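Please read the structure below before turning to the comments.
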Amino acid sequence: MDLTVLVENMAVSGDLLGEYGFSLHFTDDKHNTLMDTGQGKSLVYNAGILGLDLAKVDTLLLSHGHFDHTGGLGEMLLQNSQVEVWGHDRINDQHMSIRNNTPLFVGCHLNRDAIQLRTVEGLTKITDGFWGVEIPLETRDPEFWDRPENLVVPSGDSWQLDPFHDDLSFVVEGKHGLSVILGCAHAGVMNILDTVSGHFNTNRFYCVMGGMHTRAFSSEKLDRLTRELTTRFQVSKWRPCHCSGFRAAAALASIHVDVDWPGAGYKMEL
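The opening position of the sequence shown corresponds to residue 100 in this note's numbering, with each subsequent residue numbered one higher.
Now the structure itself:
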């Protein structure tokens, strides 16, 4: 299975656009799948430069309802109104960010009446070789679950820390085995890999790619996390990006031989 990064903070070529967002394209003789849509500024442009026809995508996976992963949804549906859309039932939760004491909506503008959203719950098979994975709140180890104080949802007349009910990750089976694809890992990358390991009875993965939401971790917490990740799981290729932060990628690279940052235009075979 061929994977192409369509949208990411950076680009691997001057012909492509970078933006703060994330989108991946997967294709083989059975699949033509898009995961996430970025903010919508570069999805269609980069797809054109890379020779990927969004009208041929048959499955759209949404990792969670934040603007930098779903902002391009309208553009995608203009290109392909018949695509099958998968996400969490709570993708429309009112995700907010407190900035300068002002709450700003950073969620997903998704009209549930305009599409038939197919929902992921627990471990859900989407197509042959693709699964969506939900990490229930009660199973998340708080030590590895980052909940930024500025990301909130309404709670009565006040706010509470966003629990990210709608956070999903995806498991892909390719010729090299199982890979885990993260959106922003709001449930915690350690918690996600623990859950996937339990579902598939393995701690061995070919690739772990995507946002790890470790950008704000202290050096001490990063060192502890990366030691645990590389001890508890056998991962051939680490591909942190988007919200992972440079320090997290560097921490992984200091103890693992195959770490890279996959910007827009990056390609690999799974």
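A virtual CB, placed ideally from N, CA and C, is assigned to each residue, including glycine. Nothing here was measured: the structure is a model prediction, and the numbers come from that model.
Evaluate ILE291 with the Cβ neighbour count: other Cβ atoms within 10 Å of its Cβ, from every protein chain shown; 16 or more gives buried, anything less gives exposed. For the purposes of this step, residue 291 is taken as the residue at position 192 of the sequence shown. With 16 or more Cβ atoms within 10 Å of its Cβ, ILE291 is classed as buried.
Whose CA, out of ASN108, ASP101, MET100, lies closest to the CA of TRP360? Working through the sequence shown from its first residue, we reach residue 360 at position 261. TRP360 has its Cα closest to that of ASN108, out of ASN108, ASP101, MET100.
Spatial distance of SER180 from LEU153 (CA atoms): As a position in the sequence shown, residue 180 is number 81, starting the count at 1. As a position in the sequence shown, residue 153 is number 54, starting the count at 1. Distance between the alpha carbons of SER180 and LEU153 is about 10 Å.
State the start and end residues of the unbroken beta strand (DSSP E) segment that holds SER268. Taking the first residue of the sequence shown as 1, we reach residue 268 at position 169. For SER268, the uninterrupted beta strand (DSSP E) run begins and ends at 267 to 273, by DSSP.
Taking 6 Å as the cut-off, is the C-beta of LEU203 nearer than that to any heavy atom in the ligand ATP? Here there are no bound small molecules, and the ligand ATP is not part of this structure.
Note down the Cα distance separating GLY113 from GLY276, rounded to an integer number of angstroms. Locating residue 113 in the sequence shown gives position 14, where the first residue counts as 1. Locating residue 276 in the sequence shown gives position 177, where the first residue counts as 1. Roughly 32 Å separates the two Cα atoms.
Could you check which residue in LEU236, MET175, HIS168 has the C-alpha nearest to that of VAL205? Within the sequence shown, numbered from 1, the residue matching residue 205 stands at position 106. The residue with the shortest Cα to Cα distance from VAL205 is HIS168.
Taking C-alpha atoms, which residue in VAL143, ASP135, ASP127 lies nearest to LEU116? Residue numbering aside, residue 116 sits at position 17 when the sequence shown is read from its first letter. Relative to the Cα of LEU116, the nearest Cα in the group VAL143, ASP135, ASP127 belongs to VAL143.
Are the beta-carbon atoms belonging to LEU236 and HIS298 less than 7 Å from one another? Along the sequence shown, one-based indexing puts residue 236 at 137. Along the sequence shown, one-based indexing puts residue 298 at 199. No, Cβ-Cβ distance for LEU236 and HIS298 is not below 7 Å.
Compare the Cα-Cα distances from ASP135 to each of ILE148, ALA146, GLY170 and report the closest residue. The count along the sequence shown starts at 1 and reaches residue 135 at position 36. Checked all of ILE148, ALA146, GLY170; the closest Cα to ASP135 is GLY170.
Within 7 Å, strictly: CB atoms of GLY137 and VAL106: Within the sequence shown, the letter at position 38 stands for residue 137. Within the sequence shown, the letter at position 7 stands for residue 106. Their beta carbons are under 7 Å apart, which means GLY137 touches VAL106 by this criterion.
Using the DSSP secondary-structure output, state which residues sit across from VAL205 in a beta bridge. As a first step, residue 205 must be located in the sequence shown, where it is residue number 106. Answer is none; VAL205 lacks a bridge partner.
In angstroms with no decimal places, state the Cα-to-Cα distance between VAL279 and ALA363. Here residue 279 refers to the residue found at position 180 when the sequence shown is read from its first residue. Here residue 363 refers to the residue found at position 264 when the sequence shown is read from its first residue. Cα-Cα distance, rounded: 19 Å.
Between SER343 and THR294, is the Cβ-Cβ spacing less than 7 Å? Counting from 1 along the sequence shown, the entry for residue 343 is found at position 244. Counting from 1 along the sequence shown, the entry for residue 294 is found at position 195. No Cβ-Cβ contact shorter than 7 Å links SER343 with THR294.
Along the chain, where does the alpha helix (DSSP H) that runs through ARG346 open and close? What you label residue 346 is simply residue 247 of the sequence shown in a count that begins at 1. For ARG346, the enclosing alpha helix (DSSP H) covers residues 345 to 352.
Determine the closest residue to GLY164 out of HIS187, GLY273, ASP157, GLU327, with distance taken between C-alpha atoms. Against the sequence shown, residue 164 aligns to sequence position 65. When each option's Cα is compared against that of GLY164, the closest is HIS187.
GLN181 by DSSP, collapsed to three states: which one? As a first step, residue 181 is located in the sequence shown; it is residue number 82 there, counting from the start. Reduced to three states, the DSSP call for GLN181 is coil.
With distances taken Cα to Cα, identify the nearest neighbour of VAL356 among ASP227, LEU369, ARG211, GLN333. Here residue 356 refers to the residue found at position 257 when the sequence shown is read from its first residue. The option with the nearest alpha carbon to VAL356 is GLN333.
Taking the C-alpha atoms as reference points, what is the distance between SER268 and LEU369? The sequence position of residue 268 within the sequence shown is 169, counting from 1. The sequence position of residue 369 within the sequence shown is 270, counting from 1. Taking the straight line joining both Cα atoms gives about 16 Å.
How big is the Cα-Cα spacing for GLY255 and GLU248? Taking the first residue of the sequence shown as 1, we reach residue 255 at position 156. Taking the first residue of the sequence shown as 1, we reach residue 248 at position 149. Going by the C-alpha atoms only, they are around 18 Å apart.
On the DSSP letters alone, give me the boundaries of the alpha helix (DSSP H) that MET289 sits inside. Within the sequence shown, the letter at position 190 stands for residue 289. 288 to 299 is the span of the alpha helix (DSSP H), which, as asked, contains MET289.
Check each candidate in ALA146, VAL271, SER317 and name the one with the smallest Cα separation from GLN407. A query on residue 407 cannot be resolved here, the shown segment of the chain reaching from 100 to 369 and no further.
Beta-carbon separation (whole angstroms), SER196 vs LEU250, contact threshold 8 Å: Locating residue 196 in the sequence shown gives position 97, counting from the first residue. Locating residue 250 in the sequence shown gives position 151, counting from the first residue. With a Cβ gap of about 6 Å, SER196 and LEU250 count as contacting.
Note down, in chain order, each residue of its chain lying with its Cβ closer than 6 Å to the Cβ of ILE225, except the 5 sequence neighbours on either side. Along the sequence shown, one-based indexing puts residue 225 at 126. Cβ within range, chain order: TRP185, GLY231.
Residues in its own chain within less than 6 Å of ASP245 by CB, not counting five upstream and five downstream? On the sequence shown, residue 245 is found 146 positions in, with the first residue counted as 1. Cβ neighbours of ASP245 beyond the five flanking positions: HIS312.
Note down the Cα distance separating THR201 from HIS130, rounded to an integer number of angstroms. Here residue 201 is taken as the residue at index 102 of the sequence shown, counted from 1. Here residue 130 is taken as the residue at index 31 of the sequence shown, counted from 1. If I take the Cα positions, the gap works out to 43 Å.
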